[in-house]
Ligand code: ARG
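Residue numbers (the working numbering): 28 to 494.
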């Protein structure tokens, strides 16, 4: 049979320009192997209800395997005239087995095929993403462990705030990614349901065994609403939202790296191999890798928004607009995967300038909160303690002194309750040791945190290998 699948109803050929305008195979060809997998299962289901004979099924299976091999070996040529990946595979099947190829379309619609393929594809991409996320988390944990002795001026409002272990600060990104990983695990429950059997939208008119179909494709079960199955792209937007959250975290990390490598901060150095120079200014070393992660994050956020706005106002059920979900989805996946890898390489390669950080810890009155807390332990209500400490800081600043450089007499001018033991409180180590509280920056607490996240990662890694 030549021409379009619908040519029986039509009196003229499709316009060439429109054909080009409407094709999707130039991007949905990446679904080809999933299309074949789903077609194989569908053929098996048709055989179970007597639509295909044993021989027909076996010739279809052989042909589908051949086509899959051709695709993997790059010998398959996709044709735009055939519009999309589904019609391309159907035509290739026809060329190999003749009329029986068309039997496979019994009760089947591309509306359900496309979402089945997409769910299978996302299942696999989810796995790739999870691998990259675990590698990123591991890189952060390793860097943290190697630098447990490094103390960092923690920031709020980009102002020096309190001392914190570098390991505690940087593992914030491991913690973020860990929750995105959990989000993916939860998303999988909804993605891993099978639309096949929904047909165009009303459900298949032939008594297909939908449980068999779902199982054969490795889904947890059939999706039990045929209109929802072909109309909804929740599994796409939810995935894109998780990608967006990942990119937001990578972008914030990138922003910090960019600040830290600048001469004003000078907290870290990044390997030359991930930086670029200037074509004009010979002294420059630019953190382009981090800047690009930050820049690419906005394209992933855009991809999410693109699909959300595609769906708004779409009447049920399938509309051709839905074809436009794929380019932003594919782009977001590629961008997030490459950005994750780039961020991992930057973390692995970054070098901390310890002397510089040690120097900075002495400045900026990072221990002012400690002084206020000290007053609280002597019975002064916190608001008052805060007020007294504020005055002491102001006085020290005027004198050009650090807090620990003030004499006891000077302290006593602000509160007679202050004794010699105040100096113990004005040491960074003391401030850290006071924070051995779950989730805090106490050295032992941070070590325990790293160990427990590491063992969680090991469990997840083992799970990736045996699905
Ligand atoms: N290329 C289409 C898409 O991506 C496949 C489904 C086409 N269905 C249809 N009735 N034209 O959504």
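All residues carry an ideal CB built from backbone N, CA and C; glycine is no exception. All of these numbers come straight from a predicted model, not from anything done at the bench.
| Item | Value |
| --- | --- |
| Reference residue 134, options 82, 229, 250 and 312, closest by Cα | 229 |
| Presumed contact (8 Å Cβ cut-off) between residue 86 and residue 124, rounded CB distance | 5 Å |
| Segments of 4+ residues assigned as alpha helix (DSSP H) that fall wholly inside the segment 150-212 | none |
| For residue 408, three-class secondary structure by DSSP | coil |
| Reduced DSSP category for residue 143 - H, G, I as helix; E, B as strand; rest coil | helix |
| Test item: CB-CB of residue 166 and residue 120 under 7 Å | no |
| Where residue 330 falls: helix, strand or coil (DSSP) | helix |
| Simplified DSSP assignment, three categories, for residue 138 | helix |
| According to DSSP, residues forming a beta bridge with residue 303 | 313 |
| Candidates 471, 115 and 104, of which the one nearest residue 31 by Cα | 115 |
| Contact under 7 Å by Cβ, residue 266 with residue 149 | yes |
| The segment 267-278 / the segment 357-371 touching (three or more Cβ pairs under 8 Å) | yes |
| Between the CA atoms of residue 393 and residue 473 - distance to the nearest angstrom | 20 Å |
| Inter-residue Cα distance where the pair is residue 104 and residue 314 | 41 Å |
| Uninterrupted alpha helix (DSSP H) stretches inside the segment 244-269 (no shorter than 4 residues) | 253-258 |
| Reduced DSSP secondary structure (H/G/I, E/B, other) of residue 400 | helix |
| Cβ contact (3+ pairs, closer than 8 Å) linking the segment 42-59 and the segment 350-367 | yes |
| Residue 145: CB within 6 Å of a non-hydrogen atom of the ligand ARG | no |
| Assigned exposure category for residue 139 - 16 Cβ within 10 Å defines buried | buried |
| Start-to-end residues for the alpha helix (DSSP H) that takes in residue 48 | 43-49 |
| Selection from 222, 50 and 455 that minimises the alpha carbon distance to residue 388 | 455 |
| Helix, strand or coil at residue 445 [DSSP, three-state] | coil |
| Distance cut-off 6 Å: residue 135 Cβ against heavy atoms of the ligand ARG | no |
| Identified DSSP bridge partners for residue 296 | 378 |
| Check: residue 47 C-beta below 6 Å from any heavy atom of the ligand ARG | no |
| Cα-Cα separation, residue 467 to residue 340 | 47 Å |
| Distance, residue 35 Cα to residue 60 Cα | 29 Å |
| Between the CA atoms of residue 202 and residue 476 - distance to the nearest angstrom | 10 Å |
| Bridge-paired residues (DSSP) for residue 220 | 248 |
| Nearest residue (CA-CA) to residue 62, options 50, 82, 79 and 92 | 92 |
| Through-space distance from residue 205 to residue 487, alpha-carbon basis | 10 Å |
| Sequence-distant residues of the same chain with beta carbon closer than 6 Å to residue 420, five excluded per side | 392 and 395 |
| Any non-hydrogen atom of the ligand ARG within 6 Å of residue 513 CB | Here the chain covers residues 28 to 494 and nothing more, so residue 513 does not appear. |
| Length of the line joining the Cα atoms of residue 360 and residue 463 | 39 Å |
| Pair within 7 Å by beta-carbon distance, residue 225 and residue 253 | yes |
| At least 3 beta-carbon pairs within less than 8 Å: the segment 290-298 vs the segment 232-251 | no |
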